[in-house]
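S.K.: For the sequence shown, the numbering used here assigns the number 227 to the initial residue and increments by one for each residue that follows.
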Amino acid sequence: MNDCIFCKIVRGELPCYKIYEDNETLAFLDRNPVNPGHTLLIPKKHSETILDTNDETLKKLITTTKKISKAIFESMKLEGFNIGINQFKIAGQVVPHLHIHIMPRHKNDGIKLWPSREYESEKEKNNVQKKITRLLK
Ligand code: DGP
227 MNDCIFCKIV
237 RGELPCYKIY
247 EDNETLAFLD
257 RNPVNPGHTL
267 LIPKKHSETI
277 LDTNDETLKK
287 LITTTKKISK
297 AIFESMKLEG
307 FNIGINQFKI
317 AGQVVPHLHI
327 HIMPRHKNDG
337 IKLWPSREYE
347 SEKEKNNVQK
357 KITRLLK
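(1) Are there any heavy atoms of the ligand DGP lying less than 6 Å away from the beta-carbon of residue 312, as far as the coordinates show?
(2) Is the number of C-beta pairs between the segment 248-267 and the segment 311-329 that are closer than 8 Å three or more?
(3) Could you tell me whether the segment 278-288 touches the segment 333-350, where touching means 3 or more Cβ pairs closer than 8 Å?
(4) Counting pairs of Cβ atoms below 8 Å between the segment 291-299 and the segment 243-262, do you hit three or more?
(5) Identify every run of the beta strand (DSSP E) within the segment 256-281, keeping only runs that are complete inside it and at least 3 residues long; order them along the chain.
(6) Tell me whether residue 257, by its Cβ, gets closer than 6 Å to a heavy atom of the ligand DGP.
(7) How far does the beta strand (DSSP E) with residue 315 in it extend, from its first residue to its last?
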């Protein structure tokens, strides 16, 4: 994709602090980290979300996420980390090229997880379960 900033990073047209690269994936430091070591892992071939990414690439991304996370976890002396993928604008995706955030965590680092709520009723829960599972049969 010509205008995609992550494609430009893949092509070497924009700089990055590279962490890891293989034939299908590239990882580099996020320029706005939640904590030092916050890394983005992307497929080199452009896709927007997991929904338009082929399964082989997704498998590769998750095993590479593990490899990179281990290196970040040990080298940065972390107590934990979050892995996140924002999917579509409404969910906070700013760059429309699939990327997995590996986010270092430390005790008392002030980072909050997403808020949660209760279902309003058992009926609501049942309806939601039916809606989703209908498409998985
Ligand atoms: P998201 O909201 O999930 O689309 O996250 C996009 C992330 O990408 C955000 O944390 C900042 C980072 N980012 C955006 N542009 C660049 C860039 O040009 N270089 C680097 N290293 N990171 C970028």
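We treat Cβ as the ideally placed atom computed from N, Cα and C, and that holds for glycine.
Since the model is a prediction, treat every value here as computed from it, not as a measurement.
M.R.: Straight from the coordinates:
(1) yes
(2) yes
(3) no
(4) yes
(5) 265-269
(6) yes
(7) No beta strand (DSSP E) holds residue 315; DSSP gives it neither H nor E.
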